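This report refers to the structure that appears directly beneath it.
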Amino acid sequence: MLGKLADLAMASTIDLPLPLSKPLDWEGLKAALPPALAETVDDPRIRVAINGALLPNKLKMQAGAGDEIALLPPVSGG
Amino acid sequence: MRDIRLLDQMFLPGTLIGPFTQANKGLGGVCTFVGEVRYDEGVEALELTHYEPLTLPGMHALADRAFERFTLMGLLMVHRVGQMRPGEPIVCVSAAALHRRDAIDAVDFCMDHLKSAAWFWKREKRAKEGGGSEWHWIEPREQDHSDLARWQS
Numbered sequence: 001m002l003g004k005l006a007d008l009a010m011a012s013t014i015d016l017p018l019p020l021s022k023p024l025d026w027e028g029l030k031a032a033l034p035p036a037l038a039e040t041v042d043d044p045r046i047r048v049a050i051n052g053a054l055l056p057n058k059l060k061m062q063a064g065a066g067d068e069i070a071l072l073p074p075v076s077g078g
Numbered sequence: 079m080r081d082i083r084l085l086d087q088m089f090l091p092g093t094l095i096g097p098f099t100q101a102n103k104g105l106g107g108v109c110t111f112v113g114e115v116r117y118d119e120g121v122e123a124l125e126l127t128h129y130e131p132l133t134l135p136g137m138h139a140l141a142d143r144a145f146e147r148f149t150l151m152g153l154l155m156v157h158r159v160g161q162m163r164p165g166e167p168i169v170c171v172s173a174a175a176l177h178r179r180d181a182i183d184a185v186d187f188c189m190d191h192l193k194s195a196a197w198f199w200k201r202e203k204r205a206k207e208g209g210g211s212e213w214h215w216i217e218p219r220e221q222d223h224s225d226l227a228r229w230q231s
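Each protein sequence line maps, in turn, to chains V and H.
So for the first sequence, our numbering puts the first residue at 1; every next one is plus one.
So for the second sequence, our numbering puts the first residue at 79; every next one is plus one.
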């Protein structure tokens, strides 16, 4: 989690359990996140990257074992 | 000469600009912008976080676009991450070209994109009334987006 999303999660990284038989999708990810964070991540300005690659549509995400999912709030600029 | 870096320690822009200028033999002009942490009322520190897989690659992609758009001999783009105090340099962009307009516009272009579209998240530590201090995240500003729109033609 980057920026203020790390505050909502009270951690900058979280290890998530993986569903047994299928990849982790967007609904599965939200269900596994702390509630304060899960409530905000649908905001269309929040982007998702998996293993450093930005997803064009986070709602279609699919993650597997060992993947790094980054939740990216709007940037505040350099 | 192309030099794109993220630094997690304080830097002295002068120590970068001299060698950069020297490395671009035969240039007609060099334009440099240095941004520093402002002395805003009550602000004690600024912290920039980045996401390693995106932030530096994003700066390289921005440099590629600057080289495509302007006729440049060299580009230096250095950005800080981590905690900084007011007065510390946070960014340095320098462009060398045969002609001044390319150098000036390339720096303006890179700065507008760094300010609004680069993968940085910023928070400031502000003094609280009655003592102590507190961190506050900085939200994107409308001005940054209108600055970016200048280049979309």
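A virtual CB, placed ideally from N, CA and C, is assigned to each residue, including glycine.
These figures come from a predicted structure and were not determined experimentally.
| Item | Value |
| --- | --- |
| On the three-state DSSP scale, how would you describe Phe111/H? | strand |
| Just the Cα atoms here: how many angstroms apart are Gly3/V and Trp215/H? | 7 Å |
| Could you say if the segment 121 to 133 of chain H and the segment 160 to 180 of chain H meet the contact criterion of at least three C-beta pairs nearer than 8 Å? | yes |
| Closer than 9 Å by beta-carbon distance: list the chain V residues that pair up with Pro131/H, in chain order. | Ala49, Asn51, Gly52, Ala53, Glu68, Ala70 |
| So, with DSSP's three-state summary, where would you put Asp142/H? | helix |
| Assign Arg47/V to one of two classes, buried (16 or more other C-beta atoms within 10 Å of its C-beta) or exposed (fewer than that). | buried |
| I need the DSSP call for Leu176/H, collapsed to helix, strand or coil. | coil |
| Taking only three categories from DSSP, how would you classify Pro34/V? | coil |
| Cutting at 7 Å between CB atoms, please list the residues of its own chain near Ala65/V, excluding the five before and the five after it. | Leu18 |
| What three-state label does DSSP hand Thr13/V in the structure shown? | coil |
| Under three-state DSSP, which class holds Gln161/H? | strand |
| Just verifying my parser: in three-state terms, what is the DSSP assignment at Phe198/H? | strand |
| Looking at Arg219/H and Val156/H, is the spacing between their C-beta atoms short of 8 Å? | no |
| Taking CB distances under 8 Å as the criterion, tell me whether Ala144/H reaches chain V. | no |
| Would you check if the distance between the CB atom of Thr149/H and the CB atom of Ala175/H is smaller than 8 Å? | yes |
| On the three-state DSSP scale, how would you describe Asp225/H? | helix |
| Examine chain H for any beta-carbon lying closer than 8 Å to the beta-carbon of Leu2/V, and answer yes or no. | yes |
| Let's test the definition: count the other Cβ atoms within 10 Å of the Cβ of Ser76/V and tell me whether it reaches 16, buried, or not, exposed. | buried |
| Report the neighbours of Val75/V on chain H: residues whose CB is nearer than 8 Å to its CB, in chain order. | Ser194, Ala195, Ala196, Trp197, Phe198, Trp199, Pro218 |
| Going along the chain, which residues of the segment 205 to 229 of chain H sit with their C-beta nearer than 7 Å to a C-beta in chain V? | Trp215, Ile216, Glu217, Pro218, Asp222 |
| Which of helix, strand or coil does DSSP assign to Ala181/H? | helix |
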